[in-house]
Amino acid sequence: MNAFPLGYLDAAGRRAATVLPLTWAVIVISVLVSLVIAIVLWRAVTRGRLNGGAVETRSVPITRTGNGIRWIGIGLVISAVPLLVTLVWTMITLAHASGPPQDSALTLDVTPRQWWWEVRYPGNSPDEAFATANEIHIPTGVPVLVRLHGGDVIHSFWVPKLTGKTDAIPGQTNLSWMQADAPGRYRGQCTEFCGFQHARMGFEVVAQPRDEFDRWRAQQLKGASPAQSEGAQRGLQLVEYRCGLCHQVRGTSAGARSAPDLTHLMSRRTIAAGTLLNNSGNLAGWIQDPQGVKPGSLMPNQYLSARELNDVLAYLETLQ
Amino acid sequence: MRTADFRTPEIGLDSTAHEARLKRLWETSPGIKGFFTTVDHKEIGKRYIVTAFAFLALGGIEALVMRLQLAGPDLTLLTPEQYNELFSMHGVSMIFLYASPILSGFSNYLWPLLLGSRDMAFPRLNALSYWIYLASGLFLYAGFFTGNGPNDGWFNYVPYALRDFNPGMNQDFYALGIVLLGISTTVGAANFIVTVFRTRAPGMSLNRLPIMVWGTLTASVANLLVIPSVSLAFFLLWLDRQFATQFFDPNAGGQPLLWQHLFWIFGHPWVYAIVLPAMGMVSDGLPVFCRRPLVGYSLVALSTVATMLLGFGVWVHHMFATGLPSLGLSFFSGASIAIVVPSAVAVFAWLATIWLGRPVITTAFLFFSSMILLFVIGGVSGFMTASVPVDWQLTDTYFVVAHIHYVLIGINVFPVLGATYFWFPKMTGRMLDERLGRWNFWLTFIGFNLAFLPMHLTGLFGMPRRVYTYAPDMGWDTLNLITTIGSFVLGLGILLFIVNVMKSLRTGERAGANPWGASTLEWATSSPPPPFNFAVIPTVASRHPLWEDQLGEESAKSSIDRGMLLASGKETIGTSPLDAAPDMILEMPEDSITPFLLALGTTILFVGMLLKTWGVVAAGGALATLALIAWLWPRQALREREPAHG
Chain A
150 MNAFPLGYLD AAGRRAATVL PLTWAVIVIS VLVSLVIAIV LWRAVTRGRL NGGAVETRSV
210 PITRTGNGIR WIGIGLVISA VPLLVTLVWT MITLAHASGP PQDSALTLDV TPRQWWWEVR
270 YPGNSPDEAF ATANEIHIPT GVPVLVRLHG GDVIHSFWVP KLTGKTDAIP GQTNLSWMQA
330 DAPGRYRGQC TEFCGFQHAR MGFEVVAQPR DEFDRWRAQQ LKGASPAQSE GAQRGLQLVE
390 YRCGLCHQVR GTSAGARSAP DLTHLMSRRT IAAGTLLNNS GNLAGWIQDP QGVKPGSLMP
450 NQYLSARELN DVLAYLETLQ
Chain B
7 MRTADFRTPE IGLDSTAHEA RLKRLWETSP GIKGFFTTVD HKEIGKRYIV TAFAFLALGG
67 IEALVMRLQL AGPDLTLLTP EQYNELFSMH GVSMIFLYAS PILSGFSNYL WPLLLGSRDM
127 AFPRLNALSY WIYLASGLFL YAGFFTGNGP NDGWFNYVPY ALRDFNPGMN QDFYALGIVL
187 LGISTTVGAA NFIVTVFRTR APGMSLNRLP IMVWGTLTAS VANLLVIPSV SLAFFLLWLD
247 RQFATQFFDP NAGGQPLLWQ HLFWIFGHPW VYAIVLPAMG MVSDGLPVFC RRPLVGYSLV
307 ALSTVATMLL GFGVWVHHMF ATGLPSLGLS FFSGASIAIV VPSAVAVFAW LATIWLGRPV
367 ITTAFLFFSS MILLFVIGGV SGFMTASVPV DWQLTDTYFV VAHIHYVLIG INVFPVLGAT
427 YFWFPKMTGR MLDERLGRWN FWLTFIGFNL AFLPMHLTGL FGMPRRVYTY APDMGWDTLN
487 LITTIGSFVL GLGILLFIVN VMKSLRTGER AGANPWGAST LEWATSSPPP PFNFAVIPTV
547 ASRHPLWEDQ LGEESAKSSI DRGMLLASGK ETIGTSPLDA APDMILEMPE DSITPFLLAL
607 GTTILFVGML LKTWGVVAAG GALATLALIA WLWPRQALRE REPAHG
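Those sequence lines, one after another, are chains A and B. Read left to right, the first sequence gives residues 150 to 469 (the numbering used here). Read left to right, the second sequence gives residues 7 to 652 (the numbering used here).
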């Protein structure tokens, strides 16, 4: 990732790259216009100015000099050029950047919720479909269609290096698409105000070469592996009994779907919607005190004993 | 037959006895009684201005607290809940309670003076409009100070504003507060429209109106058309929340996008409504300090109207990311780009006026002329967001925050501060201090640009809007710190402005009737003006009644000292809409408590609705009804009733 993970003055994929030259063009036009007007204004003020401290305004006689209308005429003609160019360029770019491409190689169902991202990979049959959260893997070099579903309130899907924003609105399904040219991790963020933790509702798009992506997909399709150690087994019981009220771990009786799917939790780089790096310290802190990390988050503090916490961590760390 | 209908006004010269008689007729009684009953537009205008500045100060303090929270990454001065209420209340205060009312205040104060009349067309309606504005401001802040302020931004998108996600009273305060404020804006707009078409001085045809009148007229027509939309939206929201209707609830077939359409059909024209009158202030004020008439008067007046017309066709540019079809988006994109043209007319007219004139550098001039640059910066960033694919990146980042602040501070606050330096002498009889004024200007100008120019970059580097904090590894730390520092410098500038006003009220240099040598009618009467504005109704023969001798362009001369006396009652002259030919004497109402009582009753009714306490609703409704009956009771003095026979 570069110095500005959410900056959009560079692009890493077809859709964002289509728009980028236009973005730069309107920036350059805008800066030039502002500079020219600033210079003209400065000259206009300084060339004949009188100091209001020394001269009484009312003592300066009124005269109507010069043909000012010419200024407006010339100004409008000059302004019309960049406006027309931008208008036409905008329509051309819009035609290229909008609308999902016909040749999309993968379709994803993304449902943003307060304050995380549910990501479903549909398959030809139920056993080819799976869900994950907050980390979207895509193959490089092909367009990916993203169907955006409204979960609770309005959110907006944005991966600046790959695609501009599209809102996810309850009651309708919006379409976005993206394509990554090179492997890498690209930061995404919710950009429609959605409540307490709007600020910490990030995600990552992981672009991988096709074979790597296929391996990842095969791994995600599997259920959780059985708990081996005694601690992990105790942890599994706690996870089924408590975490399972909201979370799913496929292959266990934890089967709720109102919070991120944990089946392959440890395969993800971050937790809490891109807020913390996924390591055992952060994981323990998050489980015990989510309200400290993300006040207002829908996950309640857990108040586990030290032993219980260790057991839960021992189990979660098996979820590769 | 009523003989009064055919009375011809006596024409004559001003005299002391005549003025004494007018004063008796027009003066508001002193003390507490006068405070609650006055219908004098100057009194109401000043109240509007003071109240709006108070809300500006509150909104500014809210902004500074937010800037402390955002000065560095991961700060914890505020909880997310507090931050959300602060940024929402900041927007509500600035947009609803400051930006529009401040312009209403100046227009209320100035219009009858600019138009050569003795009051607004409906003085009691004017008082009602103020009282309801004050009440709605207090209503909204009552929510805020009890922890129930708006918490979903000023745009207030559903479903987050619905009860499922927002169970507190926050949204009920907001929804009812805005419906209440809508009453004030609506009656105010109607009053402005009738005033301009009915009570101009004889001879002031439409092509002789000051541009500020064009601006406020245009804004008022727009308000009449769009306020119903936002009032409806908020009323439906309240019904959804309290009575389980389902206009916006997607689970029951409601449409979240309906809210956005209703809101932005109002919201975007509203943006023009809160800048066009301010642009008018510049168009009228700037030429005075350039010592020449405005370049391209007709084009500027027409572009004011054109901006508003186009302004009705751009609301969807707030919704480019909502998944609407590209064909529809391209139309709104085109309209949003086209709206640059009429704005450019004003910019070139101002530039040419300065270039071709002899600018006298005063504080008012500095505010007016620097506004041109801020207007252009806010304009070009708006032009960038008009391009749909570019906007998909720009929208909802700090780029847009920078844009709206260049628009609202640049095109509203700067002209308003300039206008205060310009018209303060007229309102108070004293000049504002010029030395303090320079400090005021430069601190405001530097602070503002320091805070908001780098913010464009913060946006381009991807910082989303409406976040209570941000992570340290995003590259936004330095830029945010600069913005915070700039915002405090800006705050200091505004503080100096308040200090200057306080000081100059007591010790400012005395201003004569026309301290700037300005051209329009308000400068023909004393500073501050007498309760009746003009001892004789002036007759106008040109666009610049007080510059006619120097310009020497018109064959006819305006008549300032000699005109209709109209002293047999509280009277002013009614004129025809286009040419301002006098056609009847208007009997103006006396001071009255009924506007205050109607506002009070309405407010009680709204408090009752908020609490869903129907007894309170009934009491408020009864008081409002009684006040209305008293208000509308036909009176002989206003010739609403036949005189008794015999």
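Glycine residues also receive a C-beta, built at the ideal position from the N, C-alpha and C atoms. These numbers were taken from a predicted model, which means no experiment stands behind them.
Using beta-carbon distances, residue 264/A does not count as an interface residue toward chain B, since no partner is under 8 angstroms. Listed in chain order, the positions of the region 196-229 of chain A with a beta carbon within less than 7 angstroms of a beta carbon of chain B are 197, 198, 199, 200, 201, 202, 204, 206, 207, 209, 210, 211, 212, 213, 214, 215, 217, 218, 220, 221, 224, 225, 228. Under the three-state reduction of DSSP output, residue 77/B falls in the coil class, being neither helix nor strand.
Residue nearest to residue 334/B within the set 385/A, 244/A, 387/A is 244/A (criterion: CA-CA distance).
By the CB criterion at 8 angstroms, residue 458/B and residue 153/A fall outside the cutoff. Annotation: Cβ neighbours of residue 473/B in chain A (cutoff 7 angstroms, chain order): 347, 348. Considering only beta carbons, the part of the region 239-258 of chain A lying closer than 8 angstroms to chain B consists of 239, 240, 242, 243, 244, 246, 247, 248, in chain order. Look at residue 275/A here: in three-state DSSP terms it is helix. Of the candidates 309/A, 266/A, 374/A, 343/A, 343/A places its Cα closest to the Cα of residue 159/B. The Cβ neighbour count for residue 368/A, taken over all protein chains shown within 10 Å, is under 16; the residue is labelled exposed.
Following the DSSP letters along the chain, one finds residue 325/A inside the beta strand (DSSP E) bounded by residues 322-327. When C-beta atoms of the region 203-211 of chain A are compared with those of the region 365-379 of chain B, three or more pairs fall below 8 angstroms, so the two segments count as touching. In the structure shown, residue 456/A falls within a helical segment according to DSSP collapsed to helix, strand and coil. Contact with chain A is found for residue 327/B, since one of that chain's Cβ atoms lies less than 8 angstroms from the residue's Cβ.
Residues of chain B whose Cβ lies closer than 7 angstroms to the Cβ of residue 323/A are, in chain order, 329. In the three-state reduction of the DSSP assignment, residue 263/A falls in the coil class, being assigned neither a helical nor a strand state. Distances from the alpha-carbon of residue 473/B to those of 203/A, 346/A, 394/A put 346/A closest. Here the region 426-439 of chain B makes no contact with the region 475-494 of chain B; the two share fewer than three CB pairs at distances below 8 angstroms. In the same chain as residue 477/B, and ignoring 5 residues on each side of it, the C-beta atoms closer than 8 angstroms to its own belong to 79, 80, in chain order. Setting aside the 5 residues that flank it on each side, residue 184/B is surrounded in the same chain by 240, each with a C-beta closer than 6 angstroms to its C-beta; the list follows chain order.
Taking the Cα positions, residue 120/B is about 14 angstroms away from residue 519/B. Taking a contact as a CB-CB distance under 8 angstroms, the pair residue 539/B and residue 446/B does not count as one, their CB atoms being some 30 angstroms apart. Within the region 154-166 of chain A, the residues whose Cβ lies closer than 7 angstroms to some Cβ of chain B are 154, 155, 156, 157, 158, listed in chain order. The distance from the Cβ of residue 634/B to that of residue 592/B is about 22 angstroms, inconsistent with a contact at the 8 angstroms cut-off.
As the crow flies, the alpha-carbon of residue 97/B is around 11 angstroms from that of residue 414/B.
For residue 87/B, the chain A residues whose Cβ falls inside 7 angstroms of its Cβ are 345, 445, in order along the chain.
Taken in chain order, the complete beta strand (DSSP E) segments of 3 or more residues contained in the region 294-363 of chain A are 304-308, 312-317, 322-327, 333-338, 351-357.
Remark: C-beta atoms of residue 264/A and residue 446/A approach each other more closely than 8 angstroms. By the rule that beta-carbons nearer than 8 angstroms mark a contact, residue 313/B does not touch chain A. Around the beta carbon of residue 371/A, fewer than 16 other beta carbons sit within 10 angstroms, so the residue counts as exposed.
According to DSSP, residue pairing for residue 270/A in a beta bridge involves 279/A. From the listed residues 378/B, 405/B, 453/B, the smallest Cα separation to residue 417/B is found for 378/B. Across the set 176/B, 534/B, 470/B, the C-alpha of 470/B shows the shortest separation from the C-alpha of residue 350/A. If you draw a 10 Å sphere on the C-beta of residue 321/B, you find 16 or more other C-beta atoms in it, and that means buried. Excluding its 5 nearest sequence neighbours in each direction, residue 328/B has C-beta neighbours in its own chain below 8 angstroms: 263, 266, listed in chain order. Interface annotation, residue 476/B: in contact with chain A, CB-CB separation under 8 angstroms.
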